[in-house]
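Read the structure below first, then the notes.
Residue numbers (the numbering used here), protein chains in the order written: chain A, 1 to 63; chain B, 1001 to 1719.
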């Protein structure tokens, strides 16, 4: 662990690391958007409406 | 397919609801007191327990953790059971969660009144309460994750993604920011110091906003808005994109609270970049919410619950546009340390969180208690009182911020500061503080109507504590992905995998920001003349923190001409390397104190001046709004605590000589006697152990180490 601490303590050019973070984000963002847009429309409609249907059974049972 | 009968636990939801109503009233009354104190200092009552420095954290903690926190748990526990079709995992855990949380709130209030504070904004609670929070938070998470595992719905709905992110996010933030060394039952020092402490604290502070005030509420919005409007959410795809983007980006943005301050440039640039990018996912949430109401705006006209939800989403959109703008350095130069930040937080708190709480409750209470709302008219009056209250609160504060900023940076034709005395700016914006009281009062009146309406509705209805429901048997999570199954759908039915991805998305930003700050030595350049605090100065520092002086005074001079001309040399990283905790502050209701010990600076004052000022600030400046601190002359410091504090500092790495703790008391008395003698020459008689002497010693330390006097003395010693 001492080795890791020593190594970490002397990292140079840290200012470019957040740019790497930015690039990681942009990469992941593109992947998520593309994969999301490729989902089937019928599936999406079913998922969206599920929240409205959820309680109907319970409500009708209790009314 | 087999159909099983089970029962929803409504009792726990009711308990959290009642706690919301109670703590909401308490939190807002305390807020009113704070507003009155800022406009008319007589409301500090001359009592240490009621001075603004202690009342302000009680208000913020009560609003965030008591009012909003209880409402959040009520909303989550109701919706979680319905979207997962399962009773909460364990009734005992629910009870421990509820009573434990209320116990924490009461302990928080008592300790903050007593001045037991860590001095870190929104994380003021001392270590025993921190441990209690961790235990209760784990109880909540255990109950929630157990319910997710016991679910009857295969896929976890979008609301639950946000609840999971909330649980994981808050746990990470709370643990990392609360690493502290106890020196007594209600006293501790943080592990980190100065700039490192500042980065950790504002990583926490910013993300407490994210993961306590935003993510759970987005989850609640995704459940209650479609339910209240009876319309599906506008876009499921948008909800995926904005969920992952938002939880990833938020964690990087903390340093925007520290722009122009003593922090490496790369950390500031990181904070600005990611903060600006946050607009996109935040607005994704707002757009998804508002467009859910497409074709249902006629319902908004008639329903108080939908009206409040629209206000909430609008306020969310405003605040999440404003936040990134405030993260731009040129805007931040105006907004930071002024009332702009206060206006911004209240737009978000009163509009977004308040709006969703009211909207959710107006829909939920009649439904749970199976009765119509007691008075729709009263709900509509509440809506207008709250909306006008927000505007009357925030607009004057924006006005005050711009006015103060313009005055602070105004120069005469001769190149001198036009308003060299900070007090001139406070006096100028005083009328705005009166308007703020009016705004707060309207909002409080609305809340009282709301609580009355809720109680009457609850009394006229009946609660089924264990509500019967039916569903398929418990599902089993299958790890294998089906052919053609979209990856996110697969994630939504494998909750453990989902939670692991959430954890990874959350910790990357924090790790990139914090680990280099803690580890890379070049980030914290030392200054050879900066020395640790003497025992007396350290005791004074503890008193400064205990009385919440950081709520009104910063110790951070930004490298802006109008700041260096007013206060002196800008602050350096190396100046605060022994500051456990850092005390840079976030708002200047009074002047900056970073150079209060630098002889010749505008904020340097003699011991007798400080004495008179603490006894009654109005004797020095008739228009001052600072509370009186007469107890400083009466209360004394226990010298046993001084020894313990020095030992704790040594443990944290402050370079006192070996065995110095045993000599600390003698040094304390020696330095205190010098100040007592100085005060005697002005006809003031105080004891060496009085808090007054320690406070004066502390203020005279601030900035002294980099003053020419100290540097000259040091070079003579070396020769």
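We treat Cβ as the ideally placed atom computed from N, Cα and C, and that holds for glycine.
- By the neighbour-count criterion, in which 16 or more other beta carbons inside 10 Å mark a residue as buried, residue 1521/B falls on the exposed side.
- In summary, residue 26/A is exposed, with fewer than 16 beta-carbon neighbours lying within 10 Å of its beta-carbon over all protein chains present.
- By a beta-carbon distance limit of 8 Å, residue 1292/B contacts residue 1225/B. Their separation comes to about 6 Å.
- Burial state of residue 1666/B is exposed, judged by a 10 Å Cβ sphere holding fewer than 16 other Cβ atoms.
- When secondary structure is reduced to three states using DSSP, residue 1636/B falls in the strand class.
- Under the Cβ criterion of 9 Å, residue 1567/B is not counted among the residues facing chain A.
- Residues of chain B whose Cβ lies closer than 8 Å to the Cβ of residue 33/A are, in chain order, 1241.
- In the DSSP assignment, residue 1188/B falls within the beta strand (DSSP E) that extends over 1187-1190.
- One thing to note: residue 1488/B has its Cβ no nearer than 9 Å to the Cβ of residue 1233/B.
- The beta carbons of residue 1440/B and residue 1063/B sit about 12 Å from each other, so the pair does not count as a contact at 8 Å.
- Pairing residue 1277/B with residue 1238/B gives a Cβ-Cβ distance that is not under 9 Å.
- For residue 27/A, not one C-beta of chain B is nearer than 9 Å to its own C-beta.
- Exclusion of the five residues before and after residue 1525/B leaves 1573 and 1574 as the residues of its chain whose Cβ lies within less than 7 Å of its Cβ.
- Residues of chain B with a Cβ closer than 7 Å to the Cβ of residue 22/A are, in chain order, 1273.
- Per the C-alpha coordinates, the member of 1674/B, 1529/B, 1662/B and 1546/B positioned closest to residue 1710/B is 1529/B.
- For residue 1220/B, the uninterrupted alpha helix (DSSP H) run begins and ends at 1215-1229, by DSSP.
- Leaving aside the five residues that flank residue 1049/B on each side, the residues in its chain whose CB is nearer than 6 Å to its CB run, in chain order, 1113.
- Under the Cβ distance rule, residue 50/A counts among the residues neighbouring chain B, one pair being separated by less than 9 Å.
- At a Cβ-Cβ threshold of 9 Å, residue 1236/B and residue 47/A count as neighbours.
- Fewer than three pairs of CB atoms, one per stretch, sit closer than 8 Å, so the stretch 1595-1605 of chain B makes no contact with the stretch 1349-1359 of chain B.
- Against residue 1226/B, the close residues of chain A are 51 and 52, in the order they occur along the chain (beta-carbon pairs closer than 8 Å).
- Remark: C-beta atoms of residue 1347/B and residue 1315/B approach each other more closely than 9 Å.
- Residue contact with chain A for residue 1237/B: present (Cβ-Cβ distance below 9 Å to some residue of chain A).
- Residue-level contact check: residue 1509/B touches chain A, since one or more beta carbons of chain A fall below 9 Å from its beta carbon.
- Distance from the CA of residue 1184/B to the CA of residue 1621/B, rounded to the nearest whole angstrom, comes to 38 Å.
- Within the stretch 1558-1584 of chain B, the runs of alpha helix (DSSP H) that reach at least 4 residues and sit entirely inside it are, in chain order, 1561-1567.
- Here residue 1181/B is bridged, per DSSP, to 1189/B.
- Counting C-beta pairs with one atom in each stretch, the stretch 1057-1074 of chain B and the stretch 1102-1112 of chain B have three or more that are closer than 8 Å, which means they touch.
- In the three-state reduction of the DSSP assignment, residue 1275/B falls in the helix class.
- The beta-bridge partner set that DSSP reports for residue 1470/B consists of 1005/B.
- Under the 9 Å criterion on CB atoms, residue 1230/B is classed as interfacial with respect to chain A.
- Against chain A, the CB of residue 1487/B has a partner CB under 9 Å away; the residue lies at that interface.
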